[in-house]
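Position 188, counted from 1, in the sequence shown is what the UniProt record's numbering calls 188; the numbers after and before it change by one each time, with no gaps. All residues carry an ideal CB built from backbone N, CA and C; glycine is no exception. Just below is one structure, and these are the notes that go with it.
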Amino acid sequence: MFLNRLAYHISPISRIGIRMASTIVGKSGHPRLNIFKAESHDQSFVFKRVSNAFYDLSLRLAADFPESHRLRMHFDLNEDENVLIYPYYQHTLLGLLQEDSKISDAARKKILRQTGEAIQELHSKDWIHIDIKPDNILVNWTCDEEGIKTITNVALGDFDIAFKLETGALLQTTHAVGNVMWRSPEGQTGRGLSKTSDVYSFGLVCIYTLGAGEVLLINDYQDLVKLGISPEHEILTRHFSYFGSAKEGLLNQIASEKWTRALKLASQMGELAVQDQPEMSFEVWGQELGSEAQKMISGMTKPDPTARSTIDQVVAHPWWQEAV
């Protein structure tokens, strides 16, 4: 498969002869949780003992989304113990794809569609998730006698770092936000995050779910460390090579001289990588996902957040109507 050959040739980009010490650091920052599974009358539930801050955040989310079927909200609680009770799901999208690589294209598309609807619902009330990744997409299914799965329910979960934006405002932090592998360029800086930051991460999830995960994932962290390169810098450089260079819209939105220098250098490295290996561009390898899928994802993964598709545009894209 072309994508497998591409993945073999691109690790890491820094080996094309250009090296740069990165100043980018960051952690997802999840609070420590106590999580339990419980069963009652043939139904399963998840109990989470959480911090005061996350407990209060969860109450705000539940108030804004009281009847949601696409966002996994708690349905009961114990105030004295700071325990939230959630519906149980069979697996995450990550675990499902790792355990069953032969899951059908129709099932994959259904999962992505319902995830898009979840993000759309979240954004409709000016919330941003900031940590969209396959681990945080929860899936239920049924299985027939031949082992073929039919997806029955999908929900977006894990709102540990979700944030409600004021209308037109951007989230500014002092550190990178979300999981390093699935962040938008602005997410790597922690500056200028918006709803389209979620759209970028969702675009990466689409690529992964449709079978091109080899191009996105980094499995040789130790090799990068030996070269003096942070995973964050490697991912930024790869993404600029895949999806295009750092434009003024991105640089203006992060509004940081330090980060402008860092992003410009990573972008230059990405441009040189594509000159050396033109097949690294998503315009080339994205063709294997299909024409409409490539068009949709191209709009989702523009490095410039001001030019990126909104979730409403994504959900309305013609690709969803294509037969699988």
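In whole angstroms, give me the CA-to-CA distance for residue i and residue j.
{"i": "Ala21", "j": "Glu257", "result": "Model confidence at Ala21 stands at a pLDDT of 31, short of 50, so the residue's coordinates are unreliable; what they give is reported in the following sentence. Taking the straight line from one Cα to the other gives about 17 Å."}
{"i": "Gly270", "j": "Gln277", "result": "10 Å"}
{"i": "Ala307", "j": "Arg70", "result": "27 Å"}
{"i": "Asn252", "j": "Ile235", "result": "21 Å"}
{"i": "Ala246", "j": "Thr174", "result": "21 Å"}
{"i": "Ala169", "j": "Ser194", "result": "8 Å"}
{"i": "Val314", "j": "Met296", "result": "7 Å"}
{"i": "Leu204", "j": "Gln43", "result": "33 Å"}
{"i": "Asn52", "j": "Gln172", "result": "23 Å"}
{"i": "Gly286", "j": "Ala212", "result": "9 Å"}
{"i": "Asn82", "j": "Arg49", "result": "6 Å"}
{"i": "Asp312", "j": "Trp320", "result": "13 Å"}
{"i": "Arg60", "j": "Phe243", "result": "36 Å"}
{"i": "Ala316", "j": "Glu145", "result": "35 Å"}
{"i": "Phe47", "j": "Ser101", "result": "30 Å"}
{"i": "Tyr221", "j": "Ala176", "result": "18 Å"}
{"i": "Asp76", "j": "Arg261", "result": "48 Å"}
Within its chain, find whatever has a CB closer than 6 Å to the CB of residue i; leave out the 5 residues flanking it on each side and keep chain order.
{"i": "Asp198", "result": "Ile119, Ile128, His129 and Ile132"}
{"i": "Lys302", "result": "Arg308"}
{"i": "Asp64", "result": "Lys125"}
{"i": "Val25", "result": "Bear in mind that the predicted position of Val25 carries a pLDDT of just 30, short of 50, making it too unreliable to give a figure here."}
{"i": "Leu289", "result": "Leu210"}
{"i": "Asn34", "result": "Arg49"}
{"i": "Arg108", "result": "Thr209"}
{"i": "Leu112", "result": "Cys206 and Thr209"}
{"i": "Trp182", "result": "Lys133, Ser201 and Leu204"}
{"i": "Val324", "result": "Asp105, Ala106 and Lys109"}
{"i": "Trp259", "result": "Thr189"}
How close, in whole Å, do the beta carbons of residue i and residue j come, if the pair is a contact with beta carbons under 8 Å?
{"i": "Ile103", "j": "Leu94", "result": "With a Cβ gap of about 12 Å, Ile103 and Leu94 do not count as contacting."}
{"i": "Leu217", "j": "Ile207", "result": "Wrong, their Cβ atoms sit about 11 Å apart, outside the cutoff."}
{"i": "Phe282", "j": "Ser298", "result": "6 Å"}
{"i": "His239", "j": "Pro305", "result": "His239 to Pro305, Cβ: 13 Å. No contact."}
{"i": "Leu272", "j": "Phe159", "result": "Their Cβ separation, rounded to whole angstroms, is 39 Å, which puts Leu272 and Phe159 out of contact at 8 Å."}
{"i": "Ser201", "j": "Gly178", "result": "7 Å"}
{"i": "Leu250", "j": "Leu265", "result": "Not quite, the Cβ-Cβ distance comes to about 14 Å (not below 8 Å), so this is no contact."}
Residues in the same chain with beta-carbon distance under 8 Å from residue i, minus the five sequence neighbours each way, listed in chain order, please.
{"i": "Thr92", "result": "Pro134, Asp135, Asn136, Ile137, Leu138 and Val139"}
{"i": "Phe45", "result": "Lys37, Ala38, Glu39, Ile85, Tyr86, Pro87 and Tyr88"}
{"i": "Thr142", "result": "Lys149, Thr150 and Thr152"}
{"i": "Leu165", "result": "Asp126, Trp127, Ile128, Leu171, Ser194 and Lys195"}
{"i": "Val274", "result": "Ser241, Met280 and Ser281"}
{"i": "Val284", "result": "Pro278"}
{"i": "Glu292", "result": "His317, Pro318, Trp319 and Glu322"}
Decide if residue i is buried, meaning its Cβ has at least 16 other Cβ atoms within 10 Å, or exposed.
{"i": "Glu161", "result": "Here the sequence assigns Ile to residue 161, which means Glu is not the residue at that position. Classification for Ile161: buried."}
{"i": "Gln147", "result": "The residue asked about is misnamed: residue 147 is Gly in this sequence, not Gln. Burial call: exposed."}
{"i": "Thr167", "result": "exposed"}
{"i": "Glu99", "result": "exposed"}
{"i": "residue 327", "result": "What is shown of the chain runs 1 to 324, which leaves residue 327 out entirely."}
{"i": "His74", "result": "buried"}
{"i": "Ala106", "result": "exposed"}
{"i": "Gln294", "result": "buried"}
{"i": "His123", "result": "buried"}
{"i": "Gln188", "result": "buried"}
{"i": "Ser241", "result": "buried"}
Got a sec? Which residues, its chain only, sit under 7 Å from residue i by beta carbon, not counting five neighbours each side?
{"i": "Ala255", "result": "Arg191 and Gly192"}
{"i": "Ser68", "result": "Glu121"}
Are any of the Cβ atoms in chain C nearer than 7 Å to that of residue i?
{"i": "Asp160", "result": "The structure shown has no chain C; it contains just one protein chain."}
Quiz item: Does the segment 110-119 come close enough to the segment 151-169 to have 3 or more Cβ pairs within less than 8 Å?
Solution: Yes, since at least three Cβ pairs between the segment 110-119 and the segment 151-169 fall closer than 8 Å, the two stretches touch.
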